[in-house]
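Asker: Chains as they are written, first to last, in my numbering: chain A, 1 to 345; chain B, 346 to 690. Cβ coordinates follow ideal geometry from the N, Cα and C atoms, glycine included. It should be emphasised that the depicted structure is a prediction, and the values quoted were computed from it without experimental measurement. Just passing along the structure, written as C-alpha cells.
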DNA sequence: TATAGCACTCTCAATACGAGAGTGCTAACT
DNA sequence: AGTTAGCACTCTCGTATTGAGAGTGCTATA
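Written as C-alpha cells, this is what we have:
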C-alpha cells in the first residue's frame with residue numbers, strides 16, 4: 001500500500017464526499033471550482049491520475065469523472081471512524097424515544113430498527129439479545145382449554161420463549177402450577193447441559209415438561225442470534241444505483257431470508273467485541289449479492305451474558321458520516337438497556 | 346351495467362388471462378391465432394371495441410392492443426371466485442408444513458406469511474388473532490434482578506403480551522407469585538370494563554399490577570388487530586410494471602408502516618365475515634398508493650372470540666387464479682388452528 | 001352477422017449527430 | 001521540482017429522424 005501525501009488524502013476525501021452527495025462521477029474541473037482549493041484543475045488531474053493508479057479511484061469510462069473504488073471507501077471510512085460523534089440534539093431525541101417507549105425487549109428492538117432506518121436512510125437490522133450458553137431462570141405453565149398448555153420459558157439473560165404444548169391428557173391449572181414451581185426450584189440458574197444431566201423426575205408430568213424445556217433450550221443454544229428485526233426495506237429502493245438493475249432486490253432478499261442473514265451476521269461479528277464497529281464494503285468478495293452495498297455493524301450487550309447486534313445496509317455510497325455515529329450510539333443505548341434489565345439498576 | 350353476451354364473456358376472460366401471463370397489451374390478431382377460436386381477427390376487433398366501450402378494456406395508445414381496466418379485473422375475479430380450489434397436492438404440502446411447525450401463534454403467523462408469499466409470488470400480510478373485547482385469562486409475574494419484573498398477560502383468546510415493569514421497590518418472587526395467584530382468582534374471565542369497575546385492592550402490590558393490567562388490556566382493546574406479519578416484500582419488485590416508476594416503493598412503504606396498514610385492514614375487513622374473500626383492485630379510489638396494485642383479503646378465526654386477517658398484495662395483474670384459492674385455503678387452516686387452541690380439540 | 005381488405009395511427013428500435021464534459025499529454029512558467 | 005495553461009482526443013448522452021411492425025376502425029362483401 002503506497003503512502004499518500006497530505007494533499008492526496010485531502011483530495012481523496014473530498015472526491016468521495018462529493019460523490020456520496022451527488023451520486024455522480026466527479027471531475028477535476030468541478031472539484032477545482034466548487035471547493036476553492038488553491039490548485040488548478042490540471043494539478044488535480046495529475047493527483048487523480050495517481051490516486052487511480054493506486055487503486056483508490058476508478059473511471060466508469062474513459063473520459064468520465066472518477067468514482068471511488070472499494071479501497072477508496074475503505075480509506076474514507078477508516079479516516080472517519082475515530083471522530084464523528086452524533087450531534088447532541090439527535091442523541092437527545094433518540095434517548096427520549098427509548099425513554100417513553102413501552103418497556104420490553106421486542107419494543108426496544110423494533111424501535112432501534114426504526115431509529116436506525118430513519119437516521120441512516122438505509123435498511124436496518126437488529127437482533128435480540130442472546131446468550132451463547134443461556135441459563136434457566138423460570139418457567140410458567142398456563143392451561144388453555146383441554147390438553148393444550150402454554151409454556152413460557154424465561155432465560156437468565158432475559159430471553160423469553162413461548163410455546164404451545166399438547167399433553168397426553170388434560171391437566172388442571174393447579175397441577176400445572178405446582179409442576180412449574182417444582183421445576184423452578186430444581187432448575188434455577190442451570191445451563192442446558194447441567195439440566196440434561198439431571199436424573200429423571202419421578203412425576204410423569206414434570207418429566208414431560210422437562211424434556212420440552214431441554215429441547216427448547218438446546219434450540220436456543222444452537223441459534224447464533226436472537227430474533228431478527230429489520231426496518232427501512234424500502235429506503236434503499238429510491239437510491240439511483242438501484243433504479244434499474246435488480247441488485248436492490250437481491251440485496252433485500254438477503255434481509256428477508258433470515259437464514260442467510262444469520263449466516264452473514266455470524267460470520268462477520270462472531271468474534272468482534274462489544275462496542276467495536278465493523279464496516280463491510282461491497283460484500284468483501286464473500287457476498288456476491290452485496291457487491292454494490294455496504295453494511296455497518298456493531299455488537300451490543302453484556303459479553304458472556306447476553307449480546308446482540310445491529311447494523312445498517314445501504315448502497316456503497318451511503319452516508320457513512322451519518323450512519324456510523326448512529327449505529328455506535330444506538331449500540332451503546334441498547335447495551336445500557338440490556339445491562340439495566342439483567343443486573344438490576 | 347350493460348349485459349355481456351356469452352361470446353363477449355369468453356373473449357374478455359381470455360384477454361385478461363393472456364394479459365396476466367404476458368404482461369403485454371393483447372391484440373386481435375394474436376388472440377385469433379394463439380387460441381383457435383372459430384372467429385376472425387376482424388370479428389374479435391368488433392367485440393373488443395364493444396368491450397372497450399363498456400369499460401372493461403382500455404388501450405394504452407391508439408393502435409396498441411387492449412389492456413383490462415379495473416372493471417375488467419373485477420369481472421374476471423367475480424367469475425373465478427366460486428370455482429378455483431387449490432390443487433390437492435399443494436394443500437397437502439401446506440398442511441404438512443403447519444403440522445410439523447413448532448406450535449405457537451407466532452410460528453404459525455410467520456409460516457402463514459411465508460406460504461402465502463411463496464405461493465402467490467406477492468407480498469403477504471397476516472395479523473395475529475385478536476379479540477375485539479378480550480377477556481382476562483391469566484397473569485404471571487417473574488422477577489428479574491432488582492425492581493424489574495416481567496409480566497406475562499394471557500387473554501382468553503390465546504393472545505399473550507409481555508412487558509417489563511419497574512416496581513417502586515424490590516419484591517421477592519414468592520410475593521409476586523402470590524399476587525399473581527390472587528389476581529388470577531379474582532379476574533378470570535372478566536372483560537376490561539368489568540375489571541376496571543372492580544373496587545381497589547387492599548394490597549398495594551396487587552393494586553399496582555392491576556392498574557397495569559387494565560392499561561394493557563385497554564391498549565389491546567383499542568388496537569383493531571393483533572401483531573402484523575409480512576413476507577415476500579421483494580417478490581413484487583421483479584414485476585415489470587414496477588421496474589421503473591417508484592410505485593412499487595410507495596406500495597411497499599404501506600406494508601412497512603404498520604399504522605397505515607392497520608388502517609387499511611380495518612377499513613376493508615371490519616365487517617366482513619370469516620371465510621368470505623375480499624378483493625381490492627387498484628386501491629378502489631381510496632388508496633392512491635395502491636393505484637397499480639390489487640389485494641386479496643380474508644378474515645379467519647372464531648368470530649367473537651379471536652379473529653385475524655390475512656392477504657396478499659400484488660400487481661393488478663397478479664395471478665388471481667393462484668392467489669385466491671391459496672388465501673382461502675390458508676384462512677381455513679388458520680381458522681382451524683385458532684379453533685383448536687381456544688376450545689380444546 | 002361474420003369476414004376480408006385497406007388506409008391510417010402510433011410505438012419502438014435503430015441510426016445519426018452535435019454538444020458537453022473530462023481526460024492525458026506537452027510545453028511553459030515559477 | 002512542482003504547477004499551470006492549452007489542446008487534441010474520447011466517450012457519453014440527449015435529440016431528431018426514420019422505417020418497420022402491430023393494431024385499429026371502417027367499409028364493402030359474402
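Kindly list the residues whose CB is nearer than 6 Å to the CB of residue 345 of chain A, restricted to its own chain and excluding five residues on each side of it in sequence; keep chain order.
Answerer: Within the first chain, the letter at position 345 stands for residue 345 of chain A. Bear in mind that the predicted position of residue 345 of chain A carries a pLDDT of just 44, short of 50, making it too unreliable to give a figure here.
Asker: Check whether chain B comes within 9 Å of residue 345 of chain A, counting only Cβ atoms and requiring the distance to be less than that.
Answerer: Taking the first residue of the first chain as position 1, residue 345 of chain A is located at position 345. Only weak support is given to the placement of residue 345 of chain A: the predicted model assigns it a pLDDT of 44, under 50, and the value that follows is read from those uncertain coordinates. It does: the Cβ of residue 345 of chain A has a partner Cβ on chain B nearer than 9 Å.
Asker: Grab the span of the alpha helix (DSSP H) containing residue 254 of chain A for me, first residue to last.
Answerer: Indexing the first chain from 1 puts residue 254 of chain A at position 254. 247-256 is the extent of the alpha helix (DSSP H) around residue 254 of chain A.
Asker: Would you check if the stretch 439-458 of chain B and the stretch 89-109 of chain A touch, i.e. whether three or more CB-CB distances between them fall below 8 Å?
Answerer: No: fewer than three Cβ pairs fall under 8 Å.
Asker: Alpha carbon to alpha carbon, how far is residue 32 of chain A from residue 40 of chain A?
Answerer: Against the first chain, residue 32 of chain A aligns to sequence position 32. Against the first chain, residue 40 of chain A aligns to sequence position 40. For residue 32 of chain A and residue 40 of chain A, the distance between alpha carbons rounds to 6 Å.
Asker: Can you give me the C-alpha to C-alpha distance between residue 361 of chain B and residue 275 of chain A, rounded to a whole angstrom?
Answerer: As a working mapping, residue 361 of chain B is identified with position 16 in the second chain. As a working mapping, residue 275 of chain A is identified with position 275 in the first chain. Rounded to the nearest angstrom, the two C-alpha atoms are 57 Å apart.
Asker: What does a CB cutoff of less than 7 Å around residue 218 of chain A pick up in its chain, not counting 5 residues either side in sequence?
Answerer: As a first step, residue 218 of chain A is located in the first chain; it is residue number 218 there, counting from the start. So the list reads 192, once near-sequence residues are dropped.
Asker: Restricting to runs no shorter than 3 residues, where is the beta strand (DSSP E) found entirely within the stretch 626-673 of chain B?
Answerer: Correct list: 638-647 and 651-660.
Asker: Apart from the five residues just before and just after residue 101 of chain A, which ones in its own chain have a Cβ nearer than 8 Å to its Cβ?
Answerer: Mapped onto the first chain, residue 101 of chain A falls at position 101. Correct list, in chain order: 107, 108 and 111.
Asker: Compare the beta carbon distance of residue 557 of chain B and residue 622 of chain B with 9 Å and say whether it is the shorter of the two.
Answerer: What you label residue 557 of chain B is simply residue 212 of the second chain in a count that begins at 1. What you label residue 622 of chain B is simply residue 277 of the second chain in a count that begins at 1. Taking 9 Å as the Cβ cut-off, residue 557 of chain B and residue 622 of chain B do not qualify as a contacting pair.
Asker: Tell me where the alpha helix (DSSP H) around residue 397 of chain B begins and ends.
Answerer: As a working mapping, residue 397 of chain B is identified with position 52 in the second chain. Start and end: 386-398.
Asker: Residues in its own chain within less than 8 Å of residue 636 of chain B by CB, not counting five upstream and five downstream?
Answerer: Taking the second chain and counting its residues from 1, the one referred to as residue 636 of chain B is at position 291. Once the five neighbours on either side are set aside, the close Cβ partners of residue 636 of chain B are 592, 627 and 628.
Asker: What does the alpha-carbon distance come out to for the pair residue 7 of chain A and residue 25 of chain A?
Answerer: Against the first chain, residue 7 of chain A aligns to sequence position 7. Against the first chain, residue 25 of chain A aligns to sequence position 25. Their Cα atoms are separated by approximately 20 Å.
Asker: In or out: residue 318 of chain A buried (at least 16 other Cβ within 10 Å) or exposed?
Answerer: Within the first chain, the letter at position 318 stands for residue 318 of chain A. Buried, since its Cβ has 16 or more Cβ neighbours within 10 Å.
Asker: Do residue 497 of chain B and residue 485 of chain B have their C-beta atoms closer together than 9 Å?
Answerer: Stepping through the second chain from its first residue, residue 497 of chain B is reached at position 152. Stepping through the second chain from its first residue, residue 485 of chain B is reached at position 140. A contact, by the Cβ cut-off of 9 Å.
Asker: Kindly list the residues whose CB is nearer than 6 Å to the CB of residue 707 of chain B, restricted to its own chain and excluding five residues on each side of it in sequence; keep chain order.
Answerer: In the structure displayed, chain B extends from 346 to 690; residue 707 of chain B sits before or after that span and is not available.
Asker: Pull up the DSSP beta-bridge partners for residue 487 of chain B, would you.
Answerer: Position 142 of the second chain, counted from the start, is the residue given in the question as residue 487 of chain B. In DSSP, residue 487 of chain B forms a bridge with B:495.
Asker: Taking the alpha carbon of residue 551 of chain B as the reference point, which residue from B:657, B:665 and B:522 has its own alpha carbon closest?
Answerer: Within the second chain, the letter at position 206 stands for residue 551 of chain B. Taking only the C-alpha atoms, the option nearest residue 551 of chain B is B:522.
Asker: Check this for me: beta carbons of residue 232 of chain A and residue 308 of chain A, under 9 Å apart or not?
Answerer: As a working mapping, residue 232 of chain A is identified with position 232 in the first chain. As a working mapping, residue 308 of chain A is identified with position 308 in the first chain. No.
Asker: Please report the distance separating the alpha-carbon of residue 67 of chain A from that of residue 333 of chain A.
Answerer: Here residue 67 of chain A refers to the residue found at position 67 of the first chain. Here residue 333 of chain A refers to the residue found at position 333 of the first chain. Roughly 36 Å separates the two Cα atoms.
Asker: Report the neighbours of residue 505 of chain B on chain A: residues whose CB is nearer than 8 Å to its CB, in chain order.
Answerer: The residue you call residue 505 of chain B lines up with position 160 of the second chain. Chain A residues near residue 505 of chain B: 150, 152 and 162.
Asker: In chain order, what residues of the same chain have a beta carbon less than 6 Å from the beta carbon of residue 640 of chain B, not counting five sequence neighbours either side?
Answerer: Mapped onto the second chain, residue 640 of chain B falls at position 295. Around residue 640 of chain B: 625, 656 and 658.
Asker: Using CA coordinates, which residue listed in B:408, B:561, B:439 and B:526 is at the minimum distance from residue 174 of chain A?
Answerer: Here the question's residue 174 of chain A lines up with position 174 in the first chain. Taking only the C-alpha atoms, the option nearest residue 174 of chain A is B:526.
Asker: Using 9 Å as the limit for Cβ to Cβ distance, is residue 450 of chain B near chain A?
Answerer: Counting from 1 along the second chain, the entry for residue 450 of chain B is found at position 105. With 9 Å as the cut-off, residue 450 of chain B counts as an interface residue toward chain A.
Asker: For residue 502 of chain B, which option in B:667, B:646 and B:357 has the closest C-alpha, if you only look at C-alpha atoms?
Answerer: Counted from its first residue, the second chain places residue 502 of chain B at position 157. Taking only the C-alpha atoms, the option nearest residue 502 of chain B is B:646.
Asker: Tell me which residues share the same chain as residue 4 of chain A and place their Cβ nearer than 6 Å to its Cβ, disregarding the 5 neighbours each side in the sequence.
Answerer: Along the first chain, one-based indexing puts residue 4 of chain A at 4. For residue 4 of chain A, where only same-chain residues beyond five positions count, there are no Cβ hits under 6 Å.
Asker: Whose C-alpha, out of A:341, A:216 and A:70, is nearest the C-alpha of residue 162 of chain A?
Answerer: Here residue 162 of chain A corresponds to residue number 162 of the first chain, with the count starting at 1. For residue 162 of chain A, the nearest C-alpha among the options comes from A:216.
Asker: Enumerate in chain order the residues of its own chain whose CB-to-CB distance from residue 47 of chain A is below 8 Å, with the five nearest sequence positions on each side excluded.
Answerer: Within the first chain, the letter at position 47 stands for residue 47 of chain A. Excluding residues within five positions, the ones whose Cβ falls inside 8 Å are 7, 8 and 11.
Asker: Which two residues bound the contiguous alpha helix (DSSP H) that contains residue 173 of chain A?
Answerer: Taking the first chain and counting its residues from 1, the one referred to as residue 173 of chain A is at position 173. Here the alpha helix (DSSP H) through residue 173 of chain A covers 173-187.
Asker: Cutting at 7 Å between CB atoms, please list the residues of its own chain near residue 495 of chain B, excluding the five before and the five after it.
Answerer: On the second chain, residue 495 of chain B is found 150 positions in, with the first residue counted as 1. 487, 489, 507 and 509.
Asker: With which residues is residue 58 of chain A paired in a DSSP beta bridge?
Answerer: Walking along the first chain from the start, residue 58 of chain A turns up at place 58. BP columns for residue 58 of chain A point to A:67.
Asker: Quick one, which of B:425, B:400 and B:408 has its alpha-carbon nearest residue 374 of chain B's?
Answerer: Here residue 374 of chain B refers to the residue found at position 29 of the second chain. Of the candidates B:425, B:400 and B:408, the one whose C-alpha sits nearest the C-alpha of residue 374 of chain B is B:408.
Asker: Taking the alpha carbon of residue 86 of chain A as the reference point, which residue from A:203, A:260, A:195 and A:331 has its own alpha carbon closest?
Answerer: Numbered from its first residue, the first chain carries residue 86 of chain A at position 86. Of A:203, A:260, A:195 and A:331, the residue nearest in Cα terms is A:331.
Asker: What does a CB cutoff of less than 8 Å around residue 346 of chain A pick up in its chain, not counting 5 residues either side in sequence?
Answerer: Residue 346 of chain A is absent from the structure shown; chain A starts at 1 and stops at 345.
Asker: Check the Cβ of residue 597 of chain B against every Cβ in chain A and list those closer than 9 Å, keeping chain order.
Answerer: For this step, residue 597 of chain B is matched to residue 252 along the second chain. Those within 9 Å of residue 597 of chain B in chain A are 233, 234 and 237.
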